[in-house]
Amino acid sequence: MIIVTGAAGKLGRRTVERLLERVPADRVGVSVRDPRKAQDLADRGVRVRQGSFDDPTSLAHSFEGAEQLLLVSLDRIGQECVSGHRAAIDAAVRAGVGRILYTSQMGASHDSRFQACRDHARTEDLLHATGLPWTALRNGFYASSALQFLEPTRHTGDIALPADGPVAWTGHDDLAEATAVILAEEARFEGPTPPLTGPAALDFDAIAEIASKTTGRPFTRIVVPDDLFREQVLAHGAPAQIGDLMLSIFAAARNGEFTAVDSTLAKLIGREPATFRSQLERAWAE
């Protein structure tokens, strides 16, 4: 039995779909906060159980019988994030899970300038402390984040963001397929994987050129001072914690934390991962 958390989310759902192409549905289970959102999976023979990171008892039940558990990282920040992961890991131990796989991130480190990478590093420490077999999927930085930063520029052509550095932007679809390959035991890693990245590391100067070529319209890269960017984020109603988190992405990129480009993802999926241009074209066409 392979259990996947967060199966209603962007990465978890894609992973389940790719996994069902490789293993029978009765070997797959999902742990979701709202089972109604996974009813279509239940109709296809997937085991669906309610599980909340805020209710450890429910997690132990939803993890029951798992040979492997894919723990999809929470969309939380700091101690709230790590505490949720700790609850899930403790529940997995109590449920007798054989192996835990965790969606970490390239650049995961205790001294990262990006808060999420520090949270991932702390979670990897928790996994190591269990004594269980574990794998940390060091996923490349999600290309969807860059696309979100670009969304306000689609009509203005002005990419006004803080100074950055090259980032190996990587697609959810490719990462989901690679995760399914590993869960189906077509490949195995002990501890952290190599960075699972797209084919190139790009800064927003390069992305501006790609956007220009994709649309046939000029896009201009404008460097915004950090403090001004934070003020703009807060002015749009975001809490200070989110403003700081967004700013830390650029600080970490400037620090070279996301520049690595590795061939492991391509080997796992048997082809070159999607380029950023192809993902931009698809997103803007939609």
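So in the UniProt record's numbering, spot 103 of the sequence shown is number 103, and the numbers just go up one at a time. Yeah, the Cβ is synthetic: ideal placement off N, Cα and C, and Gly gets one too.
CB-CB under 6 Å to residue i, same chain, minus the five flanking residues each way: which ones, in chain order?
{"i": "W134", "result": "I100 and L127"}
{"i": "I222", "result": "D158 and A160"}
{"i": "A283", "result": "L147"}
{"i": "H85", "result": "T123"}
{"i": "F189", "result": "T135"}
{"i": "G243", "result": "R230, V233 and L234"}
{"i": "N255", "result": "R113"}
{"i": "P35", "result": "V48 and Q50"}
{"i": "P192", "result": "A136 and R138"}
{"i": "G45", "result": "A25 and D26"}
Look up residue i in the DSSP assignment and give the residues it is bridged to.
{"i": "G29", "result": "I3 and R47"}
{"i": "L71", "result": "Y102"}
{"i": "N139", "result": "Q105 and L196"}
{"i": "S52", "result": "D55"}
{"i": "D40", "result": "DSSP, once it has assigned bridges, lists no residue as partnering D40."}
{"i": "D90", "result": "Note: D90 sits in no beta bridge, so no partner."}
{"i": "W134", "result": "I100"}
{"i": "A160", "result": "I222"}
Based on Cα-Cα distance, which residue from the options lies nearest to residue i?
{"i": "D119", "options": "R33, A266, K10 and C81", "result": "C81"}
{"i": "I249", "options": "E177, Q115, H110 and A38", "result": "Q115"}
{"i": "T220", "options": "T153, F53 and E17", "result": "T153"}
{"i": "L137", "options": "L265, A25 and D205", "result": "L265"}
{"i": "A121", "options": "R13, L132, A108 and F189", "result": "A108"}
{"i": "F204", "options": "R44, A168 and V48", "result": "A168"}
{"i": "H61", "options": "L11, L247 and A92", "result": "A92"}
{"i": "G29", "options": "G84, A285, L150 and Q50", "result": "Q50"}
{"i": "R230", "options": "S212, R217, A251 and P218", "result": "A251"}
{"i": "M106", "options": "A201, D226 and K267", "result": "A201"}
{"i": "V224", "options": "T214, T215 and L247", "result": "L247"}
{"i": "E257", "options": "D90, F141 and L69", "result": "F141"}
{"i": "S277", "options": "T215, V233, L234 and K267", "result": "The identity of residue 277 in the sequence shown is Arg, whereas the question assumes Ser. That would be T215, whose Cα lies nearest to the Cα of R277."}
{"i": "A7", "options": "D227, L69 and G65", "result": "L69"}
{"i": "P162", "options": "D54, A25, S52 and L245", "result": "L245"}
{"i": "L41", "options": "G165, V4 and G131", "result": "V4"}
{"i": "P166", "options": "L280, I207 and S144", "result": "I207"}
{"i": "V72", "options": "S31, G45, R94 and V48", "result": "S31"}
{"i": "E272", "options": "A238, G171, E209 and A95", "result": "G171"}
{"i": "P56", "options": "L228, H236 and A95", "result": "A95"}
Please list, in chain order, all residues of the same chain as residue i whose beta carbon is under 8 Å from its beta carbon, the five residues on each side excluded.
{"i": "R27", "result": "M1 and I2"}
{"i": "D173", "result": "R14 and A274"}
{"i": "I269", "result": "D174, E177, A178 and V181"}
{"i": "D54", "result": "G84 and A87"}
{"i": "L132", "result": "A92, V93, V97, G98, R99 and I100"}
{"i": "E281", "result": "T214"}
Quick check on residue i - is its C-beta less than 8 Å from some C-beta in chain B?
{"i": "R44", "result": "Here chain B cannot be found, since the structure has a single protein chain."}
Sorted by chain position, which residues of the same chain lie with C-beta nearer than 7 Å to residue i's C-beta, five sequence neighbours on each side aside?
{"i": "Q241", "result": "I77"}
{"i": "K37", "result": "A8"}
{"i": "L74", "result": "F53, C81, G84 and H85"}
{"i": "D164", "result": "D203, F204, F250, A253 and R254"}
{"i": "R217", "result": "G157"}
Taking 8 Å as the cut-off, does the stretch 13-28 touch the stretch 170-185 (at least 3 CB pairs, one atom from each stretch)? Short answer: they touch.
Does the stretch 193-200 come into contact with the stretch 254-267, if we say contact requires no fewer than three beta-carbon pairs (one atom in each stretch) closer than 8 Å? yes
Unbroken alpha helix (DSSP H) runs of length 4 or more, entirely within the stretch 162-240: which are they? 172-183, 204-215 and 226-235
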